[in-house]
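**Student:**
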Amino acid sequence: TTAAISAAATPVWGKGATTGAIGEFAKQALSYMETSGAKEEHAAMVRLKADRNACKNKYAHLKLGLKSVEDVLKSPYLVWPLRFLDFCPQSCGACALILASEKRAKKITKKPVWIADIETVHQEPFRAGTFGDPTGRETYTQHVACERLYKRNGITKPRRDIDMAEIYEPSNWEEMNLYEHFHFCGKNEGWKLVEKGITEMEGEFPVNPSGGVIATNPIGATPTIRVAEAALQVRGDAGEHQVAKDVKTAMASALGGPNWTVLTLLKRSL
Numbered sequence: 326t327t328a329a330i331s332a333a334a335t336p337v338w339g340k341g342a343t344t345g346a347i348g349e350f351a352k353q354a355l356s357y358m359e360t361s362g363a364k365e366e367h368a369a370m371v372r373l374k375a376d377r378n379a380c381k382n383k384y385a386h387l388k389l390g391l392k393s394v395e396d397v398l399k400s401p402y403l404v405w406p407l408r409f410l411d412f413c414p415q416s417c418g419a420c421a422l423i424l425a426s427e428k429r430a431k432k433i434t435k436k437p438v439w440i441a442d443i444e445t446v447h448q449e450p451f452r453a454g455t456f457g458d459p460t461g462r463e464t465y466t467q468h469v470a471c472e473r474l475y476k477r478n479g480i481t482k483p484r485r486d487i488d489m490a491e492i493y494e495p496s497n498w499e500e501m502n503l504y505e506h507f508h509f510c511g512k513n514e515g516w517k518l519v520e521k522g523i524t525e526m527e528g529e530f531p532v533n534p535s536g537g538v539i540a541t542n543p544i545g546a547t548p549t550i551r552v553a554e555a556a557l558q559v560r561g562d563a564g565e566h567q568v569a570k571d572v573k574t575a576m577a578s579a580l581g582g583p584n585w586t587v588l589t590l591l592k593r594s595l
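So, in structure tokens, the structure goes:
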């Protein structure tokens, strides 16, 4: 992916992209620490959550059996403050979704999951700083996508109106950042959701009960997996990593290197 991102970058505006995804997400992590007050321990707590969830998911790739925050903090740095265990792997895998009309869906399954809405927003990243923001923390397309999706579907309090989310988080730092971008909490408060256990599998608002991208990242299939995992939660078919609450509405997100965001809203009934 580093080669692809570098090749797509303009030589004047996109020099920062030559470091690839690791450099960009390290820059974002540093910016998040400086502006929000989050500590490395908070990122480690997110990674620990991901591993606990992945160990319950038969489809997850990385199942490390991490026992404590200290296990994560022992991991070597890639680019400070991003550690080896703070970043997603590049793995092999595939995912498929069966899509059908309302009439056909009711004939082929007793538990259809309905696509209530989809929003996709693109932006040329190298005009306003790599990935849309010089600090790496702000992504214009994420803000716009969720605002449009929420407005169309009458979602005013996401943690109340949506039951759980599968979000595209290449790093545990990005997961906390996305909590804020998708309005699961206020600005600079993503790490507080982690401290309170709100996004745990048994929490008020579970996020990435599958283990997320940081556990399973077959590039190309990764965004589809987010939708598939959210659908399993709505169906109640996620097995050992089924969340504790009754999931009637779920949201899945996807992120692309050229700074695009795709959101999918799923429901048990229309």
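Each residue of the sequence shown is one higher than the last, beginning at 326 in our numbering. Cβ coordinates follow ideal geometry from the N, Cα and C atoms, glycine included.
By Cβ distance below 6 Å, which residues in the same chain neighbour K431 in space, the five residues on each side in sequence not counted?
**Tutor:** As a first step, residue 431 must be located in the sequence shown, where it is residue number 106. No residues qualify anywhere along the chain.
**Student:** Helix, strand or coil: how does DSSP classify E444 here?
**Tutor:** Taking the first residue of the sequence shown as 1, we reach residue 444 at position 119. Here E444 sits in strand by DSSP.
**Student:** Do you know how far the Cα of V438 is from the Cα of V371?
**Tutor:** Walking along the sequence shown from the start, residue 371 turns up at place 46. Walking along the sequence shown from the start, residue 438 turns up at place 113. Each residue's alpha carbon lies about 28 Å from the other.
**Student:** Would you mind giving the Cβ-Cβ distance between I487 and A575, rounded to the nearest angstrom? I have them listed as a contact below 8 Å.
**Tutor:** Within the sequence shown, numbered from 1, the residue matching residue 487 stands at position 162. Within the sequence shown, numbered from 1, the residue matching residue 575 stands at position 250. At roughly 7 Å, the Cβ-Cβ gap stays under 8 Å, so I487 and A575 are in contact.
**Student:** Checking the sheet assignment: what are the DSSP bridge partners for M489?
**Tutor:** Residue numbering aside, residue 489 sits at position 164 when the sequence shown is read from its first letter. Beta-bridge pairing links M489 to A575.
**Student:** Flag this pair as touching only if the stretch 467-481 and the stretch 439-449 have three or more C-beta atom pairs under 8 Å; answer yes or no.
**Tutor:** Verdict: yes, contact present.
**Student:** Answer with buried or exposed for Q415, where buried requires no fewer than 16 other C-beta atoms within 10 angstroms of its C-beta.
**Tutor:** Along the sequence shown, one-based indexing puts residue 415 at 90. Label assigned to Q415: exposed.
**Student:** For the alpha helix (DSSP H) holding Y402, just list the boundary residues, first then last.
**Tutor:** Looking up residue 402 in the sequence shown gives position 77. Segment Y402 to V404 is the beta strand (DSSP E) holding Y402; no alpha helix (DSSP H) there.
**Student:** Excluding sequence positions up to five away, which residues of its chain have a Cβ less than 7 Å from the Cβ of N378?
**Tutor:** Residue 378 sits at position 53 when you count from the first residue of the sequence shown. Once the five neighbours on either side are set aside, the close Cβ partners of N378 are M526, N533, P534, S535, G536 and H566.
**Student:** Return the first residue and the last residue of the beta strand (DSSP E) that L588 is part of.
**Tutor:** Taking the sequence shown and counting its residues from 1, the one referred to as residue 588 is at position 263. W585 to K592 is the extent of the beta strand (DSSP E) around L588.
**Student:** For the alpha helix (DSSP H) containing P548, name the first residue and the last one.
**Tutor:** Here residue 548 is taken as the residue at index 223 of the sequence shown, counted from 1. It spans T547 to R560 - the alpha helix (DSSP H) in which P548 sits, taken as one unbroken run.
**Student:** Between the stretch 345-357 and the stretch 392-405, do at least 3 Cβ pairs fall closer than 8 Å?
**Tutor:** Yes: the two stretches touch, three or more of their Cβ pairs being nearer than 8 Å.
**Student:** Is the stretch 499-517 touching the stretch 389-400, taking contact as three or more C-beta pairs under 8 Å?
**Tutor:** With the cut-off at 8 Å, the stretch 499-517 and the stretch 389-400 do not touch.
**Student:** Evaluate contact between the stretch 541-551 and the stretch 420-431, counting only Cβ atoms and requiring at least three cross-stretch pairs below 8 Å.
**Tutor:** Contact between the stretch 541-551 and the stretch 420-431 is present, because at least three Cβ pairs lie under 8 Å.
**Student:** How many angstroms separate the CA atom of Y357 from the CA atom of K428?
**Tutor:** Residue mapping note: residue 357 aligns to position 32 of the sequence shown, counting from 1. Residue mapping note: residue 428 aligns to position 103 of the sequence shown, counting from 1. So the two alpha carbons sit approximately 47 Å from each other.
**Student:** With DSSP run on the structure shown, which of helix, strand or coil describes S496?
**Tutor:** As a working mapping, residue 496 is identified with position 171 in the sequence shown. S496: strand per DSSP, three-state reduction.
**Student:** Hey, F530 and M489: beta-carbon distance below 8 Å or not?
**Tutor:** As a position in the sequence shown, residue 530 is number 205, starting the count at 1. As a position in the sequence shown, residue 489 is number 164, starting the count at 1. Cβ distance < 8 Å, so F530 and M489 count as in contact.
**Student:** Determine the DSSP secondary structure at F350, reduced to helix, strand or coil.
**Tutor:** On the sequence shown, residue 350 is found 25 positions in, with the first residue counted as 1. If DSSP states are grouped into helix, strand and coil, F350 belongs with the helices.
**Student:** Using three-state DSSP, classify V532 as helix, strand or coil.
**Tutor:** Within the sequence shown, numbered from 1, the residue matching residue 532 stands at position 207. Reduced to three states, the DSSP call for V532 is strand.
**Student:** Hey, would you say the C-beta of V469 is under 7 Å away from at least one heavy atom of the ligand SAM?
**Tutor:** The ligand content of the structure shown is nil, which means the ligand SAM is not present either.
**Student:** Measuring alpha carbon to alpha carbon, tell me which residue in L595, T481, V538 and A579 is nearest N382.
**Tutor:** On the sequence shown, residue 382 is found 57 positions in, with the first residue counted as 1. The candidate whose alpha carbon is nearest that of N382 is V538.
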